């Protein structure tokens, strides 16, 4: 019986209205410039979250060679993606904000302002004393730029690396920690604070009283892609003086906004048993293998206690160098062992340069 390995955040799913325009914006401003796969197809297995019908979509998975997770940039093609009927506020239930890591938050802040991006509020310190700020993309998704010292390749750029976490609205911190701390391994509390916070004031609902808990891993990550994915963090936020709404209430997975948080894992059966015994059964299961043409593997979904979608992907095949047809079969390797750095770097050879 294999045990589970959670290597890190593989990607964060972002529902947009124009997948190619979004890919361009994300690579120019966030360095998400390496497409791992691009596919137009039906999302046939997501029926619990797409109104019981398979829906057509176009998706691009893009990564940043500085490290961090990827973006699964996702656009419905069989229907018009819907925005929420209300402006989501900090602490509303689901994935509120993606965290993007930066080597120098002040330099990224200056660059984004110089470019005229939609920077929300000023540069502030978080409760841990680290500089941070927020920026909104043209599709109304909010990103937090945070300090990190976990890098795969350090490039001479003030652009951030890939996503290294998320702010997630929940109703009950202790219930949420049963998933995020006990199963996903974010077992270290960096801060647990209550109040109105200066660093959140630029964000809708950020001027109201919240409890916020920042969680990280105490142990370094293992697995094939762990050097590229790097360290990550989850910030749980509870709105204290109002009843939070579900961000995806009356909408489909794949509509506009953060549709899921995806982890790169190994040992799906062990993970399934652990999730089920803790009250988080798989709600979607691709069984043995999905095949997206250029990548293959096994994916599943669970819901956190407030319905946020967490995806797990056990990768079986991945393109290293598409041009020469070099694909890697991961099922024959020691699951704990990281891939050699040259192999991970080779993925960058398909980088799109603007």
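In full-length UniProt numbering, the protein residues as written are 1 to 354. For every residue, glycine included, the Cβ atom is placed at its ideal position computed from N, Cα and C. Quick caveat, the model's predicted, so the values are computed rather than measured.
query, result
"8 Å Cβ cutoff, residue 267 in contact with chain B", "No chain B is present in this structure, which holds just one protein chain."
"Separation of residue 325 from residue 92, as counted between CA atoms", "44 Å"
"CB of residue 11 within 8 Å of CB of residue 262, strictly", "yes"
"Segments of 4+ residues assigned as alpha helix (DSSP H) that fall wholly inside the segment 188-270", "226-229"
"C-alpha distance - residue 307 paired with residue 111, whole-angstrom precision", "36 Å"
"Bridge-paired residues (DSSP) for residue 342", "Bridge partners of residue 342: none, in fact."
"Whole beta strand (DSSP E) elements within the UniProt domain \"VOC\" (8-148), 3-residue minimum", "34-43, 55-63, 70-76, 94-102, 118-125, 131-136 and 142-147"
"Top-ranked residue by Cα proximity to residue 187, from 204, 166, 165 and 214", "214"
"Residue 184 (DSSP reduced to helix, strand or coil)", "coil"
"Cα-Cα separation, residue 102 to residue 25", "17 Å"
"Classification of residue 107 by the beta-carbon crowding that lies within 10 angstroms, buried from 16 upward", "exposed"
"Cut-off 7 Å between Cβ atoms - residues of its own chain near residue 222, not counting five sequence neighbours on either side", "5, 7 and 336"
"Secondary structure of residue 176, DSSP reduced to three states", "helix"
"Assumed close pair residue 120, residue 203 - CB separation to whole angstroms, cut-off 8 Å", "6 Å"
"Span separating the alpha-carbon of residue 285 from that of residue 253", "15 Å"
"Chain-order list of residues whose beta-carbon lies under 6 Å from that of residue 58 (same chain, five-residue window excluded)", "19, 40, 75 and 77"
"Among 260, 282, 280 and 143, the one whose alpha carbon lies nearest that of residue 30", "143"
"Residue 163, enclosing beta strand (DSSP E) - first and last residue", "163-169"
"Where the beta strand (DSSP E) through residue 355 begins and ends", "Residue 355 cannot be examined here, being either before or after the span of the chain that is shown, 1 to 354."
"Pairwise C-alpha distance: residue 278 and residue 353", "45 Å"
"Nearest neighbour of residue 317, chosen from 340, 67 and 224 [CA to CA]", "224"
"Residue span of the beta strand (DSSP E) that contains residue 303, given as start and end", "296-303"
"Residue 17 to residue 138 span [Cα, whole Å]", "10 Å"
"Touching by the beta-carbon criterion (3+ pairs, under 8 Å), the segment 125-139 and the segment 35-51", "no"
"Residue 100 and residue 348 closer than 8 Å at C-beta", "no"
"Contact check, residue 299 vs residue 228, beta carbons under 8 Å", "no"
"Collapsed DSSP secondary structure at residue 309 in the structure displayed", "strand"
"Buried versus exposed, by CB contacts within 10 Å (16 or more), residue 126", "buried"
"Beta-carbon proximity list for residue 164, same chain, < 8 Å, skipping 5 on both sides", "9, 68, 69, 99, 100, 101, 146, 148, 150, 230, 231, 232 and 233"
"For residue 351, three-class secondary structure by DSSP", "coil"
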